[in-house]
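Asker: Numbering (the numbering used here), first residue to last: 1 to 280. Think of the CB as a built atom: it goes at the ideal place given N, C-alpha and C, for glycine as much as any other residue. The structure is given below, and queries will be raised subsequently.
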Amino acid sequence: MEATVANRVRKSLTADCSACFGLCCTALNIIASSDFAMDKPAGTPCTYLQEDFKCHIHKDLRKSGFKGCTVYDCLGAGQKVSQDTFKGYSWRENPTDAKQMFEVFPVMEQLYEMIAFISEALTYEISKDLRMELTGQLEHLQSLIELDARNLVSLNMAACRLPVNEVLLKTSEVVRSNLSRNVFSIRMGRQYRGMDLIGRSLKGKDLRTADFRGALLIKADLRGTDLRGADFIGADLRDANLCGANLTTSMFLTQMQINSASGNNKTLLPSYIQRPSHWF
Ligand code: SF4
Numbered sequence: 001m002e003a004t005v006a007n008r009v010r011k012s013l014t015a016d017c018s019a020c021f022g023l024c025c026t027a028l029n030i031i032a033s034s035d036f037a038m039d040k041p042a043g044t045p046c047t048y049l050q051e052d053f054k055c056h057i058h059k060d061l062r063k064s065g066f067k068g069c070t071v072y073d074c075l076g077a078g079q080k081v082s083q084d085t086f087k088g089y090s091w092r093e094n095p096t097d098a099k100q101m102f103e104v105f106p107v108m109e110q111l112y113e114m115i116a117f118i119s120e121a122l123t124y125e126i127s128k129d130l131r132m133e134l135t136g137q138l139e140h141l142q143s144l145i146e147l148d149a150r151n152l153v154s155l156n157m158a159a160c161r162l163p164v165n166e167v168l169l170k171t172s173e174v175v176r177s178n179l180s181r182n183v184f185s186i187r188m189g190r191q192y193r194g195m196d197l198i199g200r201s202l203k204g205k206d207l208r209t210a211d212f213r214g215a216l217l218i219k220a221d222l223r224g225t226d227l228r229g230a231d232f233i234g235a236d237l238r239d240a241n242l243c244g245a246n247l248t249t250s251m252f253l254t255q256m257q258i259n260s261a262s263g264n265n266k267t268l269l270p271s272y273i274q275r276p277s278h279w280f
């Protein structure tokens, strides 16, 4: 698959809440925290979800203690389940399908996330063999999202994730190594994979091509850091301070990660990420 086609696939992964039956506000299990002001069990509509599937406190989510709702991004999984898998019939119209619809949503969400990462991986300069491997995975995932509800809930997600994780890891190593050697002329960035960096100060550091896969960066001070070519897949960036950081060529960064962090007008972001409206 050509990089431009992959780019188009990635850009198409955009949530359209107007075509969704409020699935993130209903299907998910949410435990009360500073991100969400109350417990909400899976399969139970949030008390603020209106009959028309809009949020009653949409304009005041942050000041009402629901900032997690402003961060969340299903990448379009919600409208896919609502309009395709369940053919435009909501759980209100078809209560007998509700349970299954709520079970399908988190499955679709994971498939969409994997599609986003694979399509990003295909935008990099990589070998023909790696491109073929990624394309194969993308086609497989694209076929899975078309399954019916019964088959979707039967999927073994761990088994789906394994080959995807492997090929993404391979891509990350290749791309970061090329960037280090041929673009930045530096040694490959440090390994922070899976590390607990909660509240840690990394301020001003040169973190180009570092590996932050699965790292806990909650409230980390990343002000003024150079994070070009750094891999952020699965990293937790909640309340990390990204003011003045350069993330222009960071890898596998998601809109949700950026929405959950803080930054300013000096934070440099990849072109496919939007600057959150709550940043100053
Ligand atoms: S507060 Fe609004 S956006 Fe958040 S879960 Fe409830 S209805 Fe949905």
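Please confirm whether any heavy atom of the ligand NAP lies closer than 6 Å to the CB of C25.
Answerer: Although the ligand NAP was asked about, the structure shown includes only the ligand SF4 as ligands.
Asker: Nearest to A149 by CA position, among L75, M251, F66, F105, is which residue?
Answerer: F105
Asker: Mind checking Y89: buried by the 16 CB within 10 Å criterion, or exposed?
Answerer: exposed
Asker: Give the straight-line distance between the Cα atoms of N241 and L130, rounded to the nearest whole angstrom.
Answerer: 34 Å
Asker: Can you give me the Cβ contacts of F184 inside the same chain, cut-off strictly under 6 Å, excluding the 5 residues immediately before and after it?
Answerer: R208
Asker: With respect to the alpha helix (DSSP H) encompassing Q115, which residues constitute its N-terminal and C-terminal limits?
Answerer: Residue identity check: residue 115 is Ile in the sequence provided, not Gln. 95-121 is the span of the alpha helix (DSSP H), which, as asked, contains I115.
Asker: With contact counted as at least three CB pairs below 8 Å, one residue from each stretch, are the stretch 144-159 and the stretch 35-46 in contact?
Answerer: With a cut-off of 8 Å, the stretch 35-46 and the stretch 144-159 do not count as touching, because too few Cβ pairs lie within range.
Asker: Please say whether I115 and L134 have beta carbons closer to each other than 7 Å?
Answerer: no
Asker: Using the rule of at least 16 other Cβ atoms within 10 Å of the residue's Cβ for burial, across every protein chain shown, is I233 buried or exposed?
Answerer: Classification for I233: buried.
Asker: Inspect the beta-carbon positions of L168 and A98 and report whether they are closer than 7 Å.
Answerer: no
Asker: Expressed to the nearest angstrom, what Euclidean distance is found between the alpha-carbon atoms of A261 and S154?
Answerer: 34 Å
Asker: Who are the Cβ neighbours of D196 in its own chain at under 6 Å, not counting the five residues just before and after it?
Answerer: L216
Asker: Enumerate in chain order the residues of its own chain whose CB-to-CB distance from T47 is below 6 Å, with the five nearest sequence positions on each side excluded.
Answerer: none
Asker: N182 to E125, Cα distance in whole Å?
Answerer: 12 Å
Asker: At which residue ranges does the stretch 55-95 contain complete alpha helix (DSSP H) runs of 4 or more residues, listed in the order of the chain?
Answerer: 67-71
Asker: Give me the residue from E93, K67, T70, Q100 with the minimum Cα distance to V287.
Answerer: Residue 287 lies beyond the residue range present for the chain, which begins at 1 and ends at 280; the question has no answer from this structure.
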